[in-house]
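Protein chains: 2
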Amino acid sequence: MKALSRRQQAIYDFIARFLDDNDYPPTIRDIQRELGISSTSVVDYNLKVLEERAMIRRNRNISRGIEVLGRHTSRRNVISIPVIGQIAAGLPIPVPDDLALGDATDMVEIGSDIVGNAPRDLFALRVKGHSMVDALINDGDIVLLHAQETCENGETVAVWLKEQKETTLKRFYLEGDRVRLQPANVTMDPIYTTADNVAIQGKLVSVVRSIV
Amino acid sequence: MKALSRRQQAIYDFIARFLDDNDYPPTIRDIQRELGISSTSVVDYNLKVLEERAMIRRNRNISRGIEVLGRHTSRRNVISIPVIGQIAAGLPIPVPDDLALGDATDMVEIGSDIVGNAPRDLFALRVKGHSMVDALINDGDIVLLHAQETCENGETVAVWLKEQKETTLKRFYLEGDRVRLQPANVTMDPIYTTADNVAIQGKLVSVVRSIV
DNA sequence: ACTTGACACGAACATGTGTTCGTCCCTATA
DNA sequence: TATAGGGACGAACACATGTTCGTGTCAAGT
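Listed below in structure tokens is the structure:
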């Protein structure tokens, strides 16, 4: 396949740049003006070329109907998850009551391929302290949880131990009438307790660490 | 502040939904048609109300110039990073040669607040094996690296040990004429080697773990 | 020289779209 | 009852924007 002409490349780059700045696509005349092209028909012509090469999609007769393919078709696959509080060994997990929109002070954006196919009922907590290093989770990490009060055996869940008044993140196994909470670190011993002492707060979906 | 009327809420919701589906904002007449409103002026009127309440921004005289505030203004803060290969103890890191656009088989989307202020020269590798558990990094994790061949003392970097033919992820300290590579796990001993034996491949920026 | 194809021009043309205006229908309030 | 304000109508109006068409240029083949 022949390479794109300089002008075609410039047009493509401009559209991408424009999209980063504006939230809506450029018009043909925006492109024309920016690149100093003398006629809209020239832009139209080159846009058609770009479309044939599947680099963009055009929606006919719709103003600003240019979509950039290739790069992150974006938005669709990205989920915003509210960081509603902290998780620490000695504190109960804040309940994701009204995780409506925007009322969380902080948000985490992440691709949906990371968090799986459950965009709903997700919330995030910032880890405080080193109580979960055995689960390879560090102080300052952000854990993404799926709000649920039950789970399958073997899943890693955030549980509140009523008696000990303690939050912990462990693999959950129901064994007869007792519960085994298995640390991720295989060299550490599991905790055994009764089923009515544990309150499952959510299932671990993802961990995100940001290095300063 | 008074609540939004049912119609205003519907308009706001529709714009958000439209944006999810189309990559470009709706026109006033799109809104009119969808909600069965008889006149464009009604839409205009309600749009003005929404704008006064800072729920949207309108760009005057620009077609489809509606921007939804509040929710993830999206795109802007999200970065797509190519996963260009694997990182394992015994393998050299694949060089991010042509991390152009889209030629990577896999991409990771993540908010720019997580990866810091360096959107460029970022690449990602999937961790293979348990050689980095001491850095709280598990098998299957994705590490985000900033491509660079030098670093400051104390930064965590991916280095290739030429002599040992081995990749490792450690804190880097240049001490006189030798290099100390300090595992994140404080209970483990550091590695000492000569400066010309280490080739810095990139600086650790973030770690993302996806639980099945 | 002749043809062909990739590109570029410029000028209309036809809609797409935002804006404005006068009017009307309610409900709450004085 | 009179009045004011939120909200809705419908019809223009004006310009923003996509589309089309006839021409021109230039380099590569033939």
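Residue numbers (the numbering used here), protein chains in the order written: chain A, -7 to 204; chain X, -7 to 204. In this text, a Cβ means the ideal position worked out from N, Cα and C, and glycines have one as well.
{"Query": "State yes or no: is the beta carbon of Ser(-3) of chain X nearer than 8 Å to at least one beta carbon in chain A?", "Result": "no"}
{"Query": "Nearest-angstrom Cα distance between Ile129 of chain X and Phe115 of chain X?", "Result": "17 Å"}
{"Query": "On the three-state DSSP scale, how would you describe Lys154 of chain X?", "Result": "coil"}
{"Query": "Taking 8 Å as the CB-CB cut-off, is Thr148 of chain A touching chain X?", "Result": "yes"}
{"Query": "What does the Cβ neighbour count give for Ala46 of chain X, buried or exposed, with the cut at 16 atoms within 10 Å?", "Result": "exposed"}
{"Query": "Assign Gln140 of chain X to one of three DSSP states: helix, strand, or coil.", "Result": "coil"}
{"Query": "Can you confirm whether Tyr184 of chain X, when its beta carbon is compared against all beta carbons of chain A, has any partner nearer than 8 Å?", "Result": "no"}
{"Query": "Check Ala46 of chain X in the structure and name its three-state DSSP category.", "Result": "coil"}
{"Query": "Assuming the contact rule is C-beta atoms closer than 8 Å, Ser202 of chain X and Val107 of chain X should be a hit. Round their C-beta distance to whole Å, please.", "Result": "Not confirmed; about 16 Å, so no contact."}
{"Query": "In its own chain, which residues sit with a C-beta less than 6 Å from the C-beta of Leu27 of chain X, not counting the 5 before and 5 after it?", "Result": "Ala2"}
{"Query": "For the beta strand (DSSP E) containing Ser202 of chain A, list its first residue and its last residue.", "Result": "190 to 202"}
{"Query": "What residues in its chain sit with their C-beta under 7 Å from that of His138 of chain A, if we drop five residues either side in the sequence?", "Result": "Ala110, Asp113, Leu114, Gly194, Lys195, Val197"}
{"Query": "Would Val149 of chain A pass as a contact of Ile192 of chain A if the rule is Cβ separation under 8 Å?", "Result": "yes"}
{"Query": "Can you tell me whether DSSP reads Lys205 of chain A as helix, strand or coil?", "Result": "This structure gives no information on residue 205 of chain A, because the portion of chain A shown stretches from -7 to 204."}
{"Query": "If you check the beta carbons only, do Ile71 of chain X and Ile102 of chain A fall under 8 Å apart?", "Result": "no"}
{"Query": "Does Arg201 of chain A have its Cβ less than 8 Å from a Cβ in chain X?", "Result": "yes"}
{"Query": "My guess is that Lys120 of chain A and Asp105 of chain A are in contact by the Cβ rule of under 8 Å, so how many angstroms apart are they, rounded?", "Result": "Going by Cβ atoms, the distance from Lys120 of chain A to Asp105 of chain A rounds to 28 Å, so no, they are not a contact pair."}
{"Query": "Is the Cβ of Asp90 of chain A closer than 8 Å to any Cβ of chain X?", "Result": "Interpretation of Asp90 of chain A is limited by its pLDDT of 48, a score under 50 that renders its predicted location unreliable; no figure is taken from the coordinates."}
{"Query": "Does the distance from the C-beta atom of Glu147 of chain A to that of Phe164 of chain A stay below 8 Å?", "Result": "yes"}
{"Query": "Buried or exposed: which applies to Tyr4 of chain A, given that a residue is buried once 16 or more other Cβ atoms fall within 10 Å of its Cβ?", "Result": "buried"}
{"Query": "Taking C-beta pairs closer than 7 Å, name the residues in chain X that Pro17 of chain A reaches, listed in chain order.", "Result": "Tyr16"}
{"Query": "In chain A, which residues lie with their C-beta within 8 Å of the C-beta of Ser123 of chain X?", "Result": "Going along chain A, no residue has its Cβ under 8 Å from Ser123 of chain X, so there is no contact; the nearest lies around 13 Å."}
{"Query": "Rounded to whole angstroms, what is the Cα-Cα separation between Ile7 of chain A and Asp36 of chain A?", "Result": "13 Å"}
{"Query": "Could you check how far apart the C-beta atoms of Gly77 of chain A and Leu117 of chain A are, in whole angstroms? I think they sit under 8 Å.", "Result": "6 Å"}
{"Query": "Which residues of the region 39 to 62 of chain A have a Cβ closer than 7 Å to any Cβ of chain X? Give them in chain order.", "Result": "Ser55, Arg56, Gly57, Glu59, Gly62"}
{"Query": "Output the boundary residues of the alpha helix (DSSP H) element that contains Glu101 of chain A.", "Result": "Run containing Glu101 of chain A: none in the alpha helix (DSSP H); it sits in the beta strand (DSSP E), 98 to 103."}
{"Query": "Shortest alpha-carbon distance to Arg170 of chain A belongs to which of A:Ala176, A:Val178, A:Val190, A:Thr160?", "Result": "A:Val190"}
{"Query": "Starting from Glu26 of chain A, follow the alpha helix (DSSP H) in both directions and report where the run begins and ends.", "Result": "20 to 27"}
{"Query": "Please report the distance separating the alpha-carbon of Ser55 of chain X from that of Asp15 of chain X.", "Result": "14 Å"}
{"Query": "According to DSSP, simplified to helix, strand and coil, what is Ser72 of chain X?", "Result": "strand"}
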